[in-house]
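Peer 1:
Residue numbers (my numbering), protein chains in the order written: chain A, 116 to 474; chain B, 116 to 474; chain C, 116 to 474; chain D, 116 to 474.
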């Protein structure tokens with residue numbers, strides 16, 4: 116009897132349940148039902164505190180289309196993993212290893228993004244058998260061309276821009292749509308192109324507010340009263356980009372706006388004289404049923420994870436490269452961030468189309 | 116040859132083009148193509164400044180599903196209508212009457228919400244032949260059970276709550292979804308019920324922050340870590356409701372948060388200790404293609420408006436009462452607001468289900 | 116302790132779970148959790164065969180958005196209810212009464228359409244305490260302005276017509292979209308108007324194939340190569356309408372086409388020379404998550420049903436009349452069919468717009 | 116002044132307008148508005164008969180989200196291209212070349228699928244400057260990993276299966292969903308996996324009806340009353356696969372069912388005793404607004420096509436390989452079909468999950 120634990124960690128996204136179902140159904144098939152699957156609650160927290168349940172085959176039925184994660188999730192910052200809690204004296208890493216043994220696991224399947232993979236790699240280095248899958252709407256996990264959750268979020272963000280389009284054109288207004296993405300801009304880049312935004316501001320390309328204002332003016336001269344700006348949460352001005360990290364943090368902390376979009380709106384109103392509206396879809400972007408693309412990807416990742424377990428190949432993340440499913444060593448994944456290359460074809464195509472990146 | 120002008124005024128919503136198409140196609144049928152339709156640009160602004168176009172039959176094809184308004188729209192506050200602009204000496208009312216005559220119109224069709232209908236009634240009283248249709252996502256126009264745009268906005272707001280649900284349950288988090296509606300809460304009431312919100316805060320029912328916090332605590336005791344609050348833009352606390360108008364305005368002006376949801380989040384975090392996230396879908400709620408319900412309603416309103424014109428019955432708004440299309444005198448509509456009755460069945464049912472209104 | 120049984124019967128539709136949740140949550144609230152709810156499996160079949168489960172409060176969480184019915188459903192023709200099965204000697208009516216008593220029920224909540232209500236009324240007349248709710252995508256239940264499921268199905272059927280529109284215009288083609296509805300045409304009427312169909316064929320208005328072909332020709336003369344026909348499953352020609360019932364049945368049984376749409380396509384191709392494509396969305400129309408409108412309606416119906424049980428008012432169906440929730444005696448509902456009045460405003464408006472009903 | 120003609124040919128799909136917009140906007144940018152774009156009507160037909168219009172920049176605004184093709188399309192079988200029409204003596208190839216010259220084109224941009232590319236290559240060999248883009252919901256164009264239209268169709272087909280799921284589980288029924296695809300099964304494979312179908316029948320994998328019936332039986336033994344089969348239009352039995360081409364064609368011509376799904380349903384009913392329902396979404400799958408994935412792909416293809424024109428690199432199709440945009444010689448594309456490899460990872464993963472391919 117094979118024993119496998121599963122946990123989902125970090126911010127949730129679409130497709131987590133599809134991926135859980137993928138690995139579970141494949142495990143039951145691969146091991147001819149000779150497998151016990153344990154659902155570990157709320158990410159690493161459940162592994163630390165021994166909060167888990169033995170799951171039944173039927174628990175994985177009907178969850179393909181379900182948003183969120185049936186296992187629950189929580190954020191457990193990697194840098195706190197090794198820190199011993201003073202009050203409780205809890206050694207989290209030891210606790211996770213102890214619970215892994217207590218559960219008698221042959222393997223731990225971890226679904227998570229960047230932070231999650233640092234801890235996954237650490238647990239692997241600590242001797243646990245780990246197989247992971249890359250989830251995040253940010254598509255910023257190193258070692259895979261695509262993470263699941265990404266295209267579902269792109270669909271939602273695009274729908275928001277689509278709807279803003281009709282009201283923007285009707286009123287001849289300037290709109291900022293704030294798209295999720297603090298460190299990387301894949302989501303905003305794709306949604307911006309798909310939604311037909313006029314300006315796309317990414318964390319990877321610092322913007323010049325004057326250049327942004329020029330777009331409004333140029334469009335107005337061309338008879339277009341409305342402009343739509345797709346702005347990543349992590350959009351950054353050229354001045355900010357030139358700051359030292361500490362200085363930047365202090366500057367942002369002192370910012371009187373809830374997010375950069377509001378600041379940008381105020382600045383643009385001041386420069387251009389246009390009224391600028393802000394829309395913040397927020398967590399809406401990571402909720403609901405996964406799109407078809409993600410469901411297929413999750414199923415493939417899940418089946419691949421089950422095969423790794425069957426073959427006792429541990430310490431890998433399932434990844435997609437050039438359309439093929441690959442196994443990426445966790446050590447290669449951990450601690451890296453897959454940013455948008457500023458000269459990638461998507462950006463070149465967008466510029467060719469006349470879309471401004473504010474630079 | 117009958118000559119009819121059409122304008123759309125105020126904030127846009129779904130279904131404007133469907134209603135424009137409805138009246139136009141019906142007019143062409145009713146008058147056997149012996150009708151000229153003039154599209155007046157950007158609401159009353161186009162009538163004031165003589166900005167209009169003769170439209171062709173084909174202009175009304177393919178617009179049934181289109182969001183926004185092909186005529187453009189703008190806000191023209193009623194209280195400014197009679198104010199003569201000092202610089203330009205422009206008498207707006209006179210200008211509108213002059214342009215109406217200059218265009219040789221037999222009738223002016225006006226699509227708008229509450230503000231729009233004050234001006235529509237005034238123009239009717241000034242002698243213009245006016246027929247109007249009630250548009251707004253707020254469903255707050257007096258004299259009709261339903262305005263178009265409402266159910267389309269409910270669909271979107273519900274979708275947002277649906278998606279927030281999956282992330283809220285996965286993380287065990289408290290979420291506020293801010294739904295449009297400054298003065299009336301129909302949209303929030305319907306989206307809140309349809310989305311399965313736990314708390315619904317309406318402008319019509321002042322809330323007690325302690326009562327709201329009690330819901331979180333009670334749900335936690337019942338094993339539910341997450342709570343979803345559907346909060347109207349115009350939600351108001353009991354303390355605020357007790358203020359005099361001037362005092363209230365000053366208090367809100369001094370509020371350090373971009374909207375009431377952010378203040379509520381801060382207060383709830385402070386009282387309950389839960390982290391509270393805010394989502395602001397904003398203008399997304401009024402954009403995009405109208406839902407099927409609205410398309411049928413717009414078509415019926417449009418056909419009814421054409422019949423009124425055919426019968427030379429002017430000074431009416433098309434309305435829906437008990438499923439029937441009626442003609443409501445503009446004088447009955449103007450200046451009134453259809454608020455949510457606090458004892459309406461929808462609220463009773465929601466309370467029966469255990470939904471809290473924070474009171 | 117109050118004991119309530121719930122069953123869903125007949126063809127499923129969107130909103131069944133929302134209505135189940137509505138009545139269940141309201142019952143728990145009304146009776147302060149002093150209520151036991153029994154889920155009866157697969158409609159009357161479960162009541163006949165004693166197939167039921169005691170449900171827990173948590174069973175009703177998270178099902179608001181879920182399509183289908185968590186209780187299962189089956190068709191049990193009313194005319195067979197009194198027929199004693201020869202092989203098993205099973206007296207179905209007696210069995211249902213026995214199981215009702217065995218379960219110790221105070222009330223039986225029945226969700227169903229026309230056929231279901233005949234049996235519900237019969238059980239009520241047999242002395243069982245029955246409260247019912249009107250479900251069906253057909254909106255043909257007597258005594259209520261609206262059934263739940265209807266608008267969700269309209270949304271889907273409209274989406275199909277929308278998509279067919281883009282391909283029809285691109286190719287200049289004639290398309291038939293077959294919409295559900297064997298006896299009544301509400302669904303097709305609403306979807307046809309909402310989708311902008313050029314021809315709408317209803318069971319209530321027999322068509323003349325020559326008149327339908329005229330529409331194609333007239334549109335072609337007007338420069339429009341494409342035509343979209345929304346055809347109800349129960350569309351009927353004038354010749355057929357003139358037949359005696361027996362003759363008609365024989366004629367249809369001998370029809371070489373899987374449904375009337377295919378026959379119509381063949382006839383139109385022969386008369387007009389146009390290629391005619393047929394699309395049959397079928398059961399797709401009754402699946403998936405209920406729309407916001409239905410969710411609110413289901414919640415109101417559910418709360419109203421709970422109030423009836425609280426007040427021990429049995430023998431009623433919850434209904435919607437003029438926007439108000441009403442209790443309709445089962446005897447008034449059973450055996451009647453709410454057809455589309457051929458002079459209703461929706462049809463008048465559609466004709467005003469130039470839509471043909473083929474008559 | 117650069118002169119570029121554009122035409123769309125063959126069955127339409129989502130994204131055609133997005134791709135048209137992509138190449139047009141990029142051309143205006145690349146050539147600093149020194150370009151004239153001619154829209155050729157209804158595919159090759161417009162080129163043959165000289166039916167085209169000079170387009171303006173504004174014609175390409177607002178079409179990103181629009182389904183179908185603003186240029187119209189038609190099917191022009193390649194094998195008829197060289198056939199001289201007896202009545203009219205029309206030499207189609209010569210006519211196309213003549214019109215190309217008459218219009219003074221520098222390049223002809225062709226959007227189409229497999230058939231279209233045979234003609235595109237022929238025109239290129241005849242000396243016209245051709246650049247093409249691969250469109251089709253079938254994803255069967257050789258030389259590119261992905262065609263646009265594919266993922267939009269997958270989304271729709273998946274939605275249909277999703278909805279069928281809720282009704283299938285509620286009734287415990289067997290359903291066949293017929294997915295487009297006569298020769299290749301990509302669409303059905305992806306929708307089947309994404310929709311969670313239990314059986315997927317592809318043109319590439321002949322099925323054994325007994326094996327399919329076994330799935331129903333096995334599921335029933337496992338307590339699952341419902342089964343969903345995703346069946347490609349071109350699904351083929353093992354017996355049929357063993358036939359000679361002529362024999363097969365005769366056999367299909369004699370088939371008494373409108374499509375293979377109906378035959379399969381009848382056979383399954385006969386073998387298994389289950390009632391089997393058939394749903395045929397048909398052209399619905401190729402209509403409506405393109406999904407975000409397709410919009411990005413169309414934009415990239417469009418920009419790439421404009422770059423090819425800028426660089427005067429003719430005789431190429433834009434393609435996607437390993438995430439990169441490439442230029443594929445038309446000669447490599449024409450006449451080939453990209454079938455689903457029976458051992459591809461998607462199929463392996465599906466089998467790992469327990470999905471049957473009926474073989």
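Each residue gets a CB set at the ideal place from its N, CA and C atoms; glycine is no exception.
In this structure, how does DSSP classify residue 290(A) when only helix, strand and coil are distinguished?
Peer 2: Note: residue 290(A) maps to strand in three-state DSSP.
Peer 1: For residue 221(C) versus residue 236(C), is the C-beta distance shorter than 9 Å?
Peer 2: Their beta carbons are not under 9 Å apart, which means residue 221(C) does not touch residue 236(C) by this criterion.
Peer 1: With DSSP as the reference, label residue 154(A) as helix, strand or coil.
Peer 2: Three-state DSSP puts residue 154(A) in a strand.
Peer 1: Is there a C-beta anywhere in chain D that falls below 9 Å from the one on residue 311(A)?
Peer 2: Closer than 9 Å: yes.
Peer 1: Among 379(A), 116(A), 193(A), which one has its Cα closest to the Cα of residue 321(A)?
Peer 2: That would be 379(A), whose Cα lies nearest to the Cα of residue 321(A).
Peer 1: Just curious, the beta strand (DSSP E) that residue 558(C) is in, first and last residue?
Peer 2: Lying before the first or after the last residue shown, residue 558(C) is absent from chain C, which here runs from 116 to 474.
Peer 1: Just mark residue 187(D) as buried or exposed, buried being the case when its beta carbon has 16 or more other beta carbons within 10 Å.
Peer 2: Classification of residue 187(D): buried, given that the 10 Å Cβ count is 16 or more.
Peer 1: By a C-beta neighbour count over all protein chains shown, 10 Å radius and 16 as the cutoff for buried, is residue 195(A) buried or exposed?
Peer 2: By the 10 Å Cβ count, residue 195(A) comes out exposed.
Peer 1: For the stretch 246-268 of chain A, which residues have a beta carbon sitting closer than 9 Å to at least one beta carbon of chain B?
Peer 2: Result list empty, no residue passes.
Peer 1: What in chain A is Cβ-close to residue 373(B), meaning under 9 Å?
Peer 2: Under the 9 Å cutoff, chain A gives 372, 373, 377, 393.
Peer 1: If you measure between the beta carbons of residue 227(C) and residue 402(C), is that distance less than 9 Å?
Peer 2: Cβ distance not < 9 Å, so residue 227(C) and residue 402(C) don't count as in contact.
Peer 1: Take residue 309(D) and list the residues in its own chain whose beta-carbon comes closer than 6 Å to its own, dropping the five residues that flank it on each side.
Peer 2: Cβ within range, chain order: 273.
Peer 1: By the 7 Å beta-carbon criterion, what residues does the stretch 179-209 of chain D contribute toward chain A?
Peer 2: Correct list: 179, 180.
Peer 1: Ordered along the chain, which non-local residues of its own chain (more than five positions away) have a Cβ less than 7 Å from that of residue 154(A)?
Peer 2: So the qualifying residues of the chain are 121, 167, 168, 170, 186.
Peer 1: Leaving aside the five residues before and after residue 137(D) along the sequence, list all residues of the same chain whose C-beta is less than 7 Å from its C-beta, in chain order.
Peer 2: Excluding residues within five positions, the ones whose Cβ falls inside 7 Å are 413, 414, 416, 417, 418.
Peer 1: Quick one: Cα of residue 367(B) to Cα of residue 359(B), how far?
Peer 2: Computed Cα separation, rounded: 12 Å.
Peer 1: For residue 141(C), report the span of its alpha helix (DSSP H) as first-last.
Peer 2: That run of the alpha helix (DSSP H) goes 131-145.
Peer 1: What do you get for residue 261(C), buried or exposed, if any count of 16 or more other CB atoms within 10 angstroms of its CB means buried?
Peer 2: Classification of residue 261(C): buried, given that the 10 Å Cβ count is 16 or more.
Peer 1: Give a yes or no on whether the minimum CB-CB distance between residue 333(C) and chain B is below 9 Å.
Peer 2: Judged by the 9 Å Cβ criterion, residue 333(C) is not in contact with chain B.
Peer 1: Taking contact to mean 3 or more Cβ pairs, one atom from each stretch, closer than 8 Å, check whether the stretch 202-222 of chain B and the stretch 295-312 of chain C are in contact.
Peer 2: Output reads no: the stretch 295-312 of chain C does not touch the stretch 202-222 of chain B.
Peer 1: Note down, in chain order, each residue of its chain lying with its Cβ closer than 6 Å to the Cβ of residue 223(B), except the 5 sequence neighbours on either side.
Peer 2: The answer, listed in chain order, is 120, 243, 245.
Peer 1: Work out the CA separation of residue 474(A) and residue 459(A) for me, nearest whole Å.
Peer 2: So the two alpha carbons sit approximately 16 Å from each other.
Peer 1: Buried or exposed: where does residue 336(D) fall if 16 or more other Cβ atoms within 10 Å of its Cβ makes it buried?
Peer 2: Exposed is the call here.
Peer 1: Within the continuous beta strand (DSSP E) that includes residue 392(B), where are the two ends?
Peer 2: First-last of the beta strand (DSSP E) with residue 392(B): 391-394.
Peer 1: If contacts are defined as beta-carbon pairs under 8 Å, then residue 393(C) and residue 291(C) qualify, I think. What distance do you get, rounded to the angstrom?
Peer 2: The pair is a contact, with the Cβ atoms about 5 Å apart (cut-off 8 Å).
Peer 1: Under 8 Å between beta-carbons, which chain D residues line up against residue 135(A)? List them in chain order, please.
Peer 2: Correct list: empty, because the minimum Cβ distance to chain D is about 12 Å.
Peer 1: Taking residue 167(C) as part of the beta strand (DSSP E), name the residues at either end of that continuous run.
Peer 2: Note, residue 167(C): beta strand (DSSP E), 167-170.
Peer 1: Going along the chain, which unbroken runs of the alpha helix (DSSP H) with 4 or more residues stay wholly within the stretch 272-339 of chain D?
Peer 2: Those alpha helix (DSSP H) runs which fall completely within the stretch 272-339 of chain D and span 4+ residues are 301-310, 324-336.
Peer 1: Suppose you measure from the CA of residue 293(D) to the CA of residue 397(D); what does that come to, to the nearest Å?
Peer 2: C-alpha separation (whole angstroms): 8 Å.
Peer 1: Check the Cβ of residue 405(D) against every Cβ in chain C and list those closer than 8 Å, keeping chain order.
Peer 2: Going along chain C, no residue has its Cβ under 8 Å from residue 405(D), so there is no contact; the nearest lies around 10 Å.
Peer 1: List, from N- to C-terminal side, the alpha helix (DSSP H) runs of 4 residues or more that fit wholly inside the stretch 187-263 of chain C.
Peer 2: Listed in chain order, the complete alpha helix (DSSP H) runs (minimum 4 residues) inside the stretch 187-263 of chain C are 193-196, 207-218, 229-240.
Peer 1: Across which residues does DSSP place residue 122(B) in a beta bridge pair?
Peer 2: Residue 122(B) pairs with 225(B).
Peer 1: Would residue 377(A) and residue 373(B) be called neighbours here (beta carbons separated by less than 9 Å)?
Peer 2: Closer than 9 Å, so yes.
Peer 1: Suppose you measure from the CA of residue 199(D) to the CA of residue 352(D); what does that come to, to the nearest Å?
Peer 2: Looking at the two C-alpha atoms, the distance is approximately 39 Å.
Peer 1: Is the CB of residue 145(B) under 9 Å away from at least one CB in chain C?
Peer 2: Output row for residue 145(B): interface = yes.
Peer 1: Near residue 193(D), what residues of its chain come up, given a Cβ to Cβ distance below 6 Å and the 5 sequence neighbours on each side ignored?
Peer 2: Around residue 193(D): 230, 233, 234.
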